[in-house]
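Mapping of the sequence shown onto the working numbering: residues 1 to 370, in sequence order.
By construction, the Cβ of each residue, glycine as well, lies at the ideal position given by its N, Cα and C atoms.
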Amino acid sequence: MPFLGCLDKDKHQAASYYDISEVEEETGNTSLFELYRQYPANSFEIPIYYRAIHCESPSEVQGGHRARLFPPPAFDSVVLRTLQNHVRRHAQFGNRTPTPFISVTDDLLRALSIAFRSYTDKEDVAILLVDPWKLAAGNYLRCNGLCSKIGLGCKDVYNTEILIWGEIPLDSIICRWGRLPIMNSGLLDVLPSLRHLSPDADLSSLRDGLRGDTDSFSPAKVATTLVNLGMDPSSFQIKQVFLFLLGAVEGYRVEKFLEGIELEIESLFPLKIQEFDQAAHQLSLTLGRKELISYYRNDYASISEEFCPFEDNESKRRWRKEWSLLIHHDFCPDYESWWVRREERDLSDLEAELIANHNGTGLKKWLMKK
1 MPFLGCLDKD KHQAASYYDI SEVEEETGNT SLFELYRQYP ANSFEIPIYY RAIHCESPSE
61 VQGGHRARLF PPPAFDSVVL RTLQNHVRRH AQFGNRTPTP FISVTDDLLR ALSIAFRSYT
121 DKEDVAILLV DPWKLAAGNY LRCNGLCSKI GLGCKDVYNT EILIWGEIPL DSIICRWGRL
181 PIMNSGLLDV LPSLRHLSPD ADLSSLRDGL RGDTDSFSPA KVATTLVNLG MDPSSFQIKQ
241 VFLFLLGAVE GYRVEKFLEG IELEIESLFP LKIQEFDQAA HQLSLTLGRK ELISYYRNDY
301 ASISEEFCPF EDNESKRRWR KEWSLLIHHD FCPDYESWWV RREERDLSDL EAELIANHNG
361 TGLKKWLMKK
């Protein structure tokens with residue numbers, strides 16, 4: 001259902017909808033769109049975590065995923081040696097001893113390499129895209145950061161690995177990319193190097209191969225592909241995935257410079273990013289029109305009957321026209337309004353993260369006491 005906060009319940013009438021350009025014209029303010037363009041939000045501020053899984057991976061419960069040792073031990077019962085042993089066991093390839101950790105990575109190419117190379121003979125292979133800010137506060141840490149704090153030392157191989165304590169709840173999973181859906185989504189058309197990964201190839205082979213995919217890498221096709229895989233075209237997350245792939249195709253080690261890479265990529269490839277954004281907007285309009293039709297079929301009559309304060313037919317007609325215009329722009333905004341909404345959604349998420357005291361809870365709290 002669309003946002004109803006625009007309805008002035010005290011005056012019993014719907015406030016007129018104003019798009020970005022109308023607000024600017026009326027207030028005389030600097031373009032909000034241009035202001036955000038000058039100081040854009042960083043889509044990597046919320047780094048997506050990726051986890052490649054298969055039929056033998058730790059248990060899936062109600063759509064979420066749990067560590068092999070679940071529930072994890074209570075923190076008041078954990079001692080340093082126990083935690084060290086859990087980390088050591090978890091790091092061993094093929095380890096079958098349950099630990100309370102789940103490994104994820106912020107390197108999309110690493111997850112793709114595992115799904116298409118390491119798990120080539122496995123069934124039900126998929127990549128989970130995880131929103132870390134919806135994980136239990138304080139219960140996810142970089143592997144090398146944790147190892148350093150508990151005296152195990154750091155290794156380069158763990159640079160992009162994050163350890164999650166306990167579980168990945170369902171509401172933190174942005175979407176699930178099955179290997180077969182990936183192959184049918186169009187991703188292999190824009191990244192043909194994925195077709196040629198052999199089981200004995202390493203991750204560097206994929207990175208090198210992607211640099212040869214520049215001719216096939218169409219930003220508009222990438223947008224369509226990612227929506228086919230279940231991503232929201234109006235989200236910052238889909239933009240982050242696109243920028244990661246664009247950077248990789250152009251030869252950047254994106255995973256090494258997540259927080260600072262976006263401005264550089266945007267400065268070098270503005271037309272490609274604009275093409276992606278315009279395609280994502282068009283895809284959002286396609287989805288919005290479907291939602292708009294559903295709204296008119298299922299909700300419009302009851303809502304207009306409930307909120308329209310007028311009795312005479314002429315006033316009702318004007319009110320319904322005004323309300324319909326507001327609803328239309330809510331579901332199908334113009335490009336600039338859509339772009340600004342995406343920026344503001346990211347800022348809201350960032351504010352929520354800053355309010356949360358992650359260091360004062362969970363595993364991070366336990367580490368602070370040691």
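Is residue i near the ligand FAD, in the sense that its beta carbon is under 7 Å from a heavy atom of that ligand?
i	result
S234	In the structure shown, the ligand FAD is absent, as is every other ligand, since no ligand is present at all.
Just to confirm, is the Cβ distance from residue i to residue j under 8 Å?
i	j	result
A223	A280	yes
A137	G288	no
D109	L206	First, the residue type needs correcting, since residue 109 is Leu and not Asp in the sequence shown. For L109 and L206, yes; Cβs fall inside 8 Å.
I383	V190	Here the chain comprises residues numbered 1 to 370, so residue 383 is not present and cannot be evaluated.
G166	P71	yes
L292	C332	yes
W366	V61	no
P100	P73	yes
R117	P199	yes
S193	G209	yes
L141	K364	yes
I273	Y295	no
Just checking my contact of residue i with residue j at CB under 8 Å: how many whole Å lie between their CB atoms?
i	j	result
L135	I168	7 Å
L203	S113	5 Å
I162	D106	7 Å
I265	I164	The pair is not a contact, with the Cβ atoms about 28 Å apart (cut-off 8 Å).
F44	L258	5 Å
P98	R68	4 Å
With a threshold of 6 Å on Cβ separation, who are the neighbours of residue i within its own chain once the five nearest residues in sequence on each side are excluded?
i	result
I53	A126
N42	E262
N144	C154, Y158
I182	none
D121	none
S21	The predicted position of S21 is uncertain, since its pLDDT is 47 and thus under 50; a value taken from the coordinates is nonetheless stated next. So no residue of the chain qualifies.
L229	W177, S185
N95	R89
S302	none
Y285	Per the sequence presented here, residue 285 reads as Leu, with Tyr not at that position. C332, listed in sequence order.
Using a Cβ-Cβ cut-off of 7 Å (strictly less than) and excluding sequence neighbours within five positions of residue i, which residues of its own chain qualify?
i	result
R195	L188
A115	A52, V125, I127, R179
G247	V254, I261, I265
E275	P219, A220
Y36	V340, E343
V104	Y49, Y50, R51, V130, I162, I164
F310	K316, W319
E123	H54, C55
P58	H65, R66, A67, R68, I102
S304	R320, W323
N139	I164, W165, G166, G362, L363
L243	S43, E262, I265
Y404	Outside the displayed range of the chain (1 to 370) lies residue 404, so it cannot be described from this structure.
D312	none
A91	none
Leaving out five residues before and five after residue i in sequence, what residues of the same chain have Cβ atoms less than 8 Å from its Cβ?
i	result
L283	A223, T224, V227, P233
C147	V87, G153, C154, K155, Y158
R341	S234, P333
F269	L246, E250
G63	L170, I173
A111	Y50, R51, A52, T105, I127
T160	T105, D106, D107, R110, E255
(message) Three Cβ pairs or more, each shorter than 8 Å: is that satisfied between the region 216 to 233 and the region 308 to 328?
(response) no
(request) Could I get the ranges of all uninterrupted alpha helix (DSSP H) runs contained in the region 161 to 217, with 4 residues as the minimum, in chain order? (result) You should have 179 to 185, 187 to 190, 203 to 210.
(request) Scan the region 80 to 163 and note each continuous beta strand (DSSP E) run of 3 residues or more that stays entirely inside, going in chain order. (result) 101 to 105, 126 to 130, 140 to 142
(message) So within the region 24 to 68, which uninterrupted beta strand (DSSP E) runs reach at least 3 residues, ignoring any that extend past its ends?
(response) DSSP runs (the beta strand (DSSP E)) wholly in the region 24 to 68: 49 to 53, 64 to 66.
(request) Report the residue ranges of all alpha helix (DSSP H) runs contained in full by the region 266 to 302; include only those spanning at least 4 residues, in chain order. (result) 270 to 298
(request) Return the chain-ordered ranges of every alpha helix (DSSP H) run that is complete within the region 230 to 254 and spans a minimum of 4 residues. (result) 236 to 249
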